[in-house]
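Colleague: Please see the structure below; I have some questions.
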Amino acid sequence: MNEYGGGETLDRLIIEGGLVVYGENRFSVAKADVIVVDGAITEIRPPSGGTGGRAAGGRATGGDGAIDGAIVINAEGKTVIPGLVNAHYHSYANLVKGLAPTVPLEEWMLYIMEQGNLLTPDDMYWNAMLGAVEMIRTGTTAVIDHLAQGRQALGAAMQAYGGAGMRACIAPMISDKTYASTLPLDDATAEELLGPPTVTPAAGLISMTVDLFREWNGRRGRLSVGFGPSGPQRCSDSLITECARLAREYGAPLHTHVLETRAQAQTAERLYGVPMVRHLDRLGALGPNTSLAHGVWLNDEEISLAADRGAIAVHNPASNFLIGSGIAPVNKYRKAGTPLALGTDGANACGNPSMFDSMKLAAMIHNRLDDAPEGWLTTEDVFRIATAGGATAFGRPARFGSISPGKRADIVILNPARSLSLTPDNSLFWQLVHGKPSDAVETVIIEGHPVMVNGVMTTVSEEKVRREALERGERIRSKFMRMKPAIDERAARLRLALRG
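Numbering follows this note's numbering, in which position 58 of the sequence shown is assigned residue number 467; successive positions increment by one, without gaps.
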């Protein structure tokens, strides 16, 4: 640990003299000081002259240091931005990234389910810790982790986020239907390819989520729990209805995959006789606390309905591209007024959990779909979606996601000297989105606490995280590779069955 401490919110923090991106609905950019008291931003004021001058009536200092009990960070010549928010992610994936082939989701799931069975609760601790460090290093301060694991493993992931200093909401990814029942296959073919059906009763899944909520929600001011039915087609109506009811009762987010692939849209018509989002609405599961991950195959009626209900569409461009799911109709979402957030998905479906990478993709891929450039996402739009937009998926009103008085202090300081893509400083948002600002991340503050300072983590030993990940990854990889030929054979047969 260094002089900034290792986990608790500081009483008073001053970020002096940086170029600050502040405001919520509209961004302003100006050189300013940011004052943080008890983890909250209290003031954005004209600069005091840089560290080495005077601040808050205190004595002068010559660099990062303390003034009358306040920690002072010198941001002169640096850029101060709100922390990025990863609104859809799976931490289990960090130790298994690269092990599954690049195939469509329906086949890919065969590999993922087997990999998930190899993970112990201790593995999940280091999975979550590895991802937390990588996200912090790339400017992400908050994450929604849609995690399909047992109660002990969920608690281990919570402990990791707590130790890393990350703001995290775990939404246990639960389902009470077999995977086979979500596919357009007859029962005999499904059992032949996927084995006999086994399910966990809905009551136990709900009880597990409520238990996790009661133990962890609100801990350390930055840990929370949501309700996370895996996807409507994977859950009974009663499970979705109860998740929605409890999310409203507890004031928690409701987070679910929706229409990631064309096959899921076809399944919805077979199961419900109506489009999937219409079915969610009939169940009372569509509202301002609902975030819909992926949303690639919504029709125009569903997009309008989601907008009317205030549900949040979470765009995951990297994974949608990697496994061939398609391109989400983001321009249609925007025209309908649907709130937008941005996610990376798991590292096994995107390569790495850098929100800067997701922003770059989101800013590029939709332009070809709309001939009118005035309707395209601007880089400022994308940056807002990746910050304030993501924070709304944690619950409304958002407590963080912007540098504004009253918001919790989740702040990232970029040093342009670390990234040539930020030089010269021609267009800030364009360079933040299309450049490589992840190289420039120098200091990261979460809930008023500096968890990384001058490129060094203050909360955990990165070397220990790396050692654990290497050792555990080797064990998991060895076991999985012995299983892989049999999975390859089943996946090939599943592909043929789905085509037939």
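The C-beta atom is built at its ideal place from N, Cα and C for all residues, glycine as well. Treat the numbers as computed from the prediction; the structure is a model and nothing was measured.
What do you reckon, are the CB atoms on Ser713 and Ala745 nearer than 7 Å?
Modeller: Against a cut-off of 7 Å, the Cβ pair of Ala745 and Ser713 comes out as a contact.
Colleague: When you compare the CB positions of Gly693 and Ala653, do they come within less than 7 Å of one another, or not?
Modeller: Their beta carbons are under 7 Å apart, which means Gly693 touches Ala653 by this criterion.
Colleague: Relative to the C-alpha of Arg671, which candidate in Asp690, Asn729 and Ser639 has its C-alpha closest?
Modeller: Nearest of Asp690, Asn729 and Ser639 to Arg671, Cα basis: Asn729.
Colleague: Measure the alpha-carbon distance for Ser734 versus Ile774 and round it to whole angstroms.
Modeller: Looking at the two C-alpha atoms, the distance is approximately 14 Å.
Colleague: Report all residues from its chain with a CB closer than 8 Å to the CB of Gly784; omit the five preceding and five following residues, and keep chain order.
Modeller: The residues are Asn740, Arg743 and Lys744.
Colleague: Measuring straight from C-alpha to C-alpha, what distance separates Thr868 and Ser763?
Modeller: Computed Cα separation, rounded: 20 Å.
Colleague: I'd like to know whether the C-beta atoms of Asp754 and Asn708 end up nearer to each other than 7 Å.
Modeller: Their beta carbons are not under 7 Å apart, which means Asp754 does not touch Asn708 by this criterion.
Colleague: Touching or not, the stretch 492-504 and the stretch 446-453, by the rule of three or more beta carbon pairs under 8 Å?
Modeller: With a cut-off of 8 Å, the stretch 446-453 and the stretch 492-504 do not count as touching, because too few Cβ pairs lie within range.
Colleague: Check whether the Cβ atoms of Met538 and Ala557 lie closer than 7 Å to each other.
Modeller: Not closer than 7 Å, so no.
Colleague: Hey, how far is the Cα of Met866 from the Cα of Trp535?
Modeller: Each residue's Cα considered, the two are about 16 Å apart.
Colleague: Can you have a look at Leu879 and say buried or exposed, based on whether 16 or more other CB atoms are within 10 angstroms of its CB?
Modeller: By the neighbour-count rule (16 or more Cβ atoms within 10 Å), Leu879 is not buried but exposed.
Colleague: Which residues in the same chain have their Cβ closer than 8 Å to the Cβ of Leu770, if we skip the five residues on either side of it in sequence?
Modeller: Taken in chain order, the residues that qualify are Pro726, Ala727 and Phe730.
Colleague: Kindly list the residues whose CB is nearer than 6 Å to the CB of Ser584, restricted to its own chain and excluding five residues on each side of it in sequence; keep chain order.
Modeller: The answer, listed in chain order, is Ser639, Arg643 and Cys644.
Colleague: Please report the straight-line C-alpha distance between Ala900 and Leu514, rounded to a whole angstrom.
Modeller: Rounded to whole angstroms, Ala900 to Leu514 spans 11 Å at the Cα level.
Colleague: Helix or strand or just coil, what does DSSP make of Tyr588?
Modeller: It is coil, neither helix nor strand.
Colleague: Any idea which residues DSSP pairs Asn483 with across the strands?
Modeller: Per DSSP, Glu425.
Colleague: What is the DSSP secondary structure of His499, reduced to helix, strand or coil?
Modeller: The answer is coil: DSSP assigns His499 none of H, G, I, E or B.
Colleague: Pair every Cβ in the stretch 793-803 with every Cβ in the stretch 487-495, then say whether three or more of these pairs are closer than 8 Å.
Modeller: Taking 8 Å as the limit for Cβ pairs, the verdict is that the stretch 487-495 does touch the stretch 793-803.
Colleague: Buried or exposed: where does Ala469 fall if 16 or more other Cβ atoms within 10 Å of its Cβ makes it buried?
Modeller: Low confidence applies to Ala469: its pLDDT is 33, below 50, so where it sits in the model is not reliable enough to give any reading.
Colleague: Quick one: residues in its chain with C-beta nearer than 6 Å to the C-beta of Ser847, no 5 flanking neighbours on either side, listed in chain order?
Modeller: Here the set comprises Thr547, Ser763 and Phe765.
Colleague: Could you tell me the boundaries of the alpha helix (DSSP H) in which Ser457 lies?
Modeller: Where Ser457 is concerned, there is no enclosing alpha helix (DSSP H), given that its DSSP letter is neither H nor E.
Colleague: Examine the ligand SAM and report whether any of its heavy atoms sits within less than 6 Å of the Cβ of Ala589.
Modeller: Among the components of this structure there are no ligands whatsoever, and the ligand SAM is therefore not found.
Colleague: I need the straight-line Cα distance from Val489 to Glu851, nearest angstrom please.
Modeller: When rounded, the distance between both Cα atoms is 10 Å.
Colleague: Use the C-beta contact count for Leu905: other C-beta atoms within 10 angstroms, 16 or more gives buried, fewer gives exposed.
Modeller: When all chains shown are included, Leu905 counts as exposed.
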